[in-house]
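Asks:
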Amino acid sequence: MRLGSSLPSFLLRRWPPLAVAVCLAPIALLAAPECTKTVLWDRKDKGYTSHFVYGIGVTWDDTILVGCEARVAGADAGEKDLLLKRSTDHGRTWSDDVVIEGRDDHHSWSNPTFVTDGLTTYLFYAYTVNTDIGRVYYRTTTDNGLTWSERTEITSLWDGNPHGWTQHSSIGHGIKKLKPPHRGMVLIGFHHRGQVALPPTKRGYGNDVLRLTPNGWEIAGEPPIVPGRGTNEARLAERVDGSLYLMARQAAGNNQLRARTEGTPSGSRWSAWVTQEDLRGTVCDGGLLRFSDTCHLYSFPSSDAKSAQQRQDLAIAVSRDGGRTWGAPKLLQRGQATYSDLTRDSEGNIYCIYGADGSDFMGDRVYLARFNVEWATGAAAPTIVIDDGDAGFRTSGEWREVAGAPGAYGRHHHEATAATAEATWSATNLSGGNYEVFLRWPAVADAAEATVDIRVGREVRHSESIRLVKETATWRYLATVPVEANGTLEIVLRRAESGPLIADAVMLQRQ
Numbered sequence: 000m001r002l003g004s005s006l007p008s009f010l011l012r013r014w015p016p017l018a019v020a021v022c023l024a025p026i027a028l029l030a031a032p033e034c035t036k037t038v039l040w041d042r043k044d045k046g047y048t049s050h051f052v053y054g055i056g057v058t059w060d061d062t063i064l065v066g067c068e069a070r071v072a073g074a075d076a077g078e079k080d081l082l083l084k085r086s087t088d089h090g091r092t093w094s095d096d097v098v099i100e101g102r103d104d105h106h107s108w109s110n111p112t113f114v115t116d117g118l119t120t121y122l123f124y125a126y127t128v129n130t131d132i133g134r135v136y137y138r139t140t141t142d143n144g145l146t147w148s149e150r151t152e153i154t155s156l157w158d159g160n161p162h163g164w165t166q167h168s169s170i171g172h173g174i175k176k177l178k179p180p181h182r183g184m185v186l187i188g189f190h191h192r193g194q195v196a197l198p199p200t201k202r203g204y205g206n207d208v209l210r211l212t213p214n215g216w217e218i219a220g221e222p223p224i225v226p227g228r229g230t231n232e233a234r235l236a237e238r239v240d241g242s243l244y245l246m247a248r249q250a251a252g253n254n255q256l257r258a259r260t261e262g263t264p265s266g267s268r269w270s271a272w273v274t275q276e277d278l279r280g281t282v283c284d285g286g287l288l289r290f291s292d293t294c295h296l297y298s299f300p301s302s303d304a305k306s307a308q309q310r311q312d313l314a315i316a317v318s319r320d321g322g323r324t325w326g327a328p329k330l331l332q333r334g335q336a337t338y339s340d341l342t343r344d345s346e347g348n349i350y351c352i353y354g355a356d357g358s359d360f361m362g363d364r365v366y367l368a369r370f371n372v373e374w375a376t377g378a379a380a381p382t383i384v385i386d387d388g389d390a391g392f393r394t395s396g397e398w399r400e401v402a403g404a405p406g407a408y409g410r411h412h413h414e415a416t417a418a419t420a421e422a423t424w425s426a427t428n429l430s431g432g433n434y435e436v437f438l439r440w441p442a443v444a445d446a447a448e449a450t451v452d453i454r455v456g457r458e459v460r461h462s463e464s465i466r467l468v469k470e471t472a473t474w475r476y477l478a479t480v481p482v483e484a485n486g487t488l489e490i491v492l493r494r495a496e497s498g499p500l501i502a503d504a505v506m507l508q509r510q
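Position one of the sequence shown corresponds to residue 0 (numbering that gives the first Met the number 0), numbered consecutively onward.
1) Helix, strand or coil for arginine 42 per DSSP?
2) Provide the residue span of the alpha helix (DSSP H) that contains glutamate 373, from first to last.
3) Could you tell me whether the segment 194-212 touches the segment 225-239, using the rule of 3 or more Cβ pairs below 8 Å?
4) Comparing alpha-carbon positions, which option in Lys178, Thr115 and Leu438 lies nearest histidine 412?
5) Residue ranges of each alpha helix (DSSP H) run of no fewer than 4 residues wholly in the segment 125-160, ordered along the chain?
6) Could you check the C-alpha separation between aspartate 284 and serine 94 for me, to the nearest Å?
7) Can we say the segment 175-182 touches the segment 139-150, given the rule of at least three CB pairs closer than 8 Å?
8) Any idea if lysine 84 is buried or exposed, counting beta-carbon neighbours within 10 angstroms, 16 or more meaning buried?
9) Please report how far the alpha carbon of alanine 219 lies from the alpha carbon of alanine 258, in whole angstroms.
10) Provide the residue(s) that pair with aspartate 207 in DSSP beta bridges, ordered along the chain.
11) So, under 8 Å CB-CB, glycine 280 and proline 300 are touching, yes? Tell me the CB distance rounded to an integer number of Å.
12) In chain order, what residues of the same chain lie with their CB nearer than 7 Å to the CB of proline 32, ignoring the 5 residues before and after it?
13) Counting pairs of beta carbons, one from the segment 386-402 and one from the segment 40-56, are three or more of them closer than 8 Å?
14) Give the DSSP-derived three-state secondary structure of arginine 460 in the structure shown.
15) Which same chain residues, not among the five before or five after valine 19, have their C-beta less than 8 Å away from its C-beta?
16) Out of Cys351, Asp240, Phe360 and Tyr244, which has the shortest C-alpha to C-alpha gap to proline 180?
17) In the DSSP output, what is serine 168 paired with across the bridge?
18) Rounded to whole angstroms, what is the Cα-Cα separation between threonine 62 and proline 198?
19) Looking only at its own chain, which residues have a Cβ that is under 8 Å from the Cβ of glycine 334, when we skip the five neighbours before and after it?
20) Mark alanine 236 as exposed unless 16 or more other C-beta atoms lie within 10 angstroms of its C-beta, in which case mark it buried.
21) Could you tell me which residues DSSP pairs with alanine 415 in its beta bridges?
22) Using the C-alpha atoms, what's the distance from tryptophan 216 back to arginine 192?
23) If you follow the beta strand (DSSP E) that phenylalanine 113 is in, where does it begin and where does it stop?
24) Taking DSSP as the reference, what is the three-state secondary structure of lysine 595?
25) Judging by CA-CA distance, which residue of Ala368, Tyr121 and Ala378 is the nearest neighbour of cysteine 294?
26) By Cβ distance, which residues of its chain are closer than 7 Å to aspartate 277, with the 5 residues on each side in sequence left out?
27) Look at the alpha carbon of alanine 415 and the alpha carbon of isoleucine 490, and state the distance between them as a whole number of angstroms.
28) Go ahead and pull the three-state DSSP assignment for arginine 369.
29) Whose C-beta lies closer than 6 Å to the C-beta of threonine 35 among residues of the same chain, with five residues either side of it excluded?
30) Using DSSP's beta-bridge definition, name the partner residues of serine 49.
31) Comparing alpha-carbon positions, which option in Ile349, Gly252 and Met361 lies nearest lysine 201?
32) Which same chain residues end up closer than 7 Å to alanine 504 when comparing Cβ atoms and leaving out the 5 residues on each side of it in sequence?
33) Could you please give the first and the last residue of the uninterrupted beta strand (DSSP E) stretch that includes threonine 263?
34) Measuring CA to CA, which of Arg238, Ala250 and Val135 is closest to glutamate 261?
35) Anyone know if the C-beta pair for cysteine 351 and serine 425 falls short of 9 Å?
Take a look at the structure:
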């Protein structure tokens, strides 16, 4: 079991391998609200005039990747390096800068955007030929950002588009769907425009969503284009029923308010845009995160100023109904504040990257805030991870311990070949509420089809068959089940056909 850093070390030690391992079951501890901040970049660093437009992502082993535009001049189309940092200790320390793309007299690299699919993380970014023409590329990493592939261009996806779009950008991060239908689908939002010299209502601002298929990336669908809104920089999130929504900045009309559109689970069809009346702030990009089914977070400058030069008071708002309505925002950073984005790791830590300080719309420094859901919401919603070998994990039958497999939580898992082998993860003395249940296994050779049961007390609340395929190596959502106060929840994995059975980790996320 891991719950941030709030557990004593004796509960985190590895237990010796046993044919039948019986350990004390974990207890869901309630964490105190906490929030810490670290400076990632400073305007004075290495002769840059500013660091602006940020991306953030978390890889399969909880490595945090952050990116930004390191601007030599302040203009959006001016010379820029694309910088990357990584952290392997939950944001406490950071690597030196890595230049993913370097500037020259003709290149302007921008809009770093991350999305992870199993062991592969994609970094999307744009290249500006001039203020009105842009190209889109991506690179991939399979070692958590240590090395990156050559870049691949996908600008041709928008060749011949009917809207006059010539500039194409993503921003922040994409998502991997947790819920059926289309569970496991990887999607990323893009925004587009035509000539910037035109008035905002004439630039053709619009959005669409890309999805990853076996044949590569394709356009899934696009919301309606409304010139009077000018929707551009946007974030994507998934709801409890598997449907999607986009939350976008508006460049025209009442640009102090956000716009929202609802999408089908595949991202193919989208509703008309509606105005998000309860997210009023300065015209600016904002970050969006689905923390759980009933906790979505949005980060944005919340000051009621109409000028982009007056972006102030970065705040976090919480939605309990999948982004339809939002509560009063909680202040994260007082004073000048700019772009931001949000992500989380498997231990329930939430990360917000944002610009702040100074007196202009780009800010003097880039910060990484790490906080827990208790800080954001004022309510306890612990994340419990039970790893193989941790308290609460037990097996029956013949098993062997395996270390070092890519994708294994804690780089360690169990493997069984006996036909009657069974693995159980148990959590007892739980706080009452609804719990999302996730299962994880490493990227080893394809294993057997398995049956997994979720038991609350002695009652089976959910059962399904899953194939532990090599390409997954991420958290697989199973179900959401209610548990009474002081209740017990068990996840039982057993073989459904011949072949190796893999047992790694489960995660419980209280609503």
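C-beta atoms are modelled at their ideal positions from N, C-alpha and C, and glycine is treated no differently.
Small disclaimer: the values here were computed from a predicted structure and weren't measured.
Replies: With the structure as the only source:
1) Arginine 42: coil per DSSP, three-state reduction.
2) 372-376
3) With a cut-off of 8 Å, the segment 225-239 and the segment 194-212 count as touching, because enough Cβ pairs lie within range.
4) Leu438
5) none
6) 26 Å
7) no
8) Classification for lysine 84: buried.
9) Pairing alanine 219 with alanine 258, the inter-Cα distance amounts to about 20 Å.
10) Phe189
11) 5 Å
12) Asn371, Glu373 and Trp374
13) no
14) strand
15) Because valine 19 sits at a pLDDT of 31, beneath the cut-off of 50, its placement in the model cannot be relied upon, and the following sentence gives the value as read from the coordinates. Cβ within range, chain order: Arg393, Thr394 and Ser395.
16) Asp240
17) His190
18) 42 Å
19) Only Gln311, Asp312, Ala355 and Asp356 meet the Cβ criterion.
20) Alanine 236 comes out buried.
21) Trp398 and Leu500
22) Straight across, the Cα-Cα distance linking arginine 192 with tryptophan 216 is about 20 Å.
23) Following the DSSP letters along the chain, one finds phenylalanine 113 inside the beta strand (DSSP E) bounded by residues 108-116.
24) Lying outside 0 to 510, the shown extent of the chain, residue 595 is not represented and no answer is given.
25) Ala378
26) Thr324 and Trp325
27) 17 Å
28) strand
29) Cβ neighbours of threonine 35 beyond the five flanking positions: Arg369.
30) Arg70
31) Gly252
32) Val384, Ile385, Asp386, Asp387, Tyr408 and Arg439
33) Note, threonine 263: premise wrong, no beta strand (DSSP E); not H, not E.
34) Arg238
35) no
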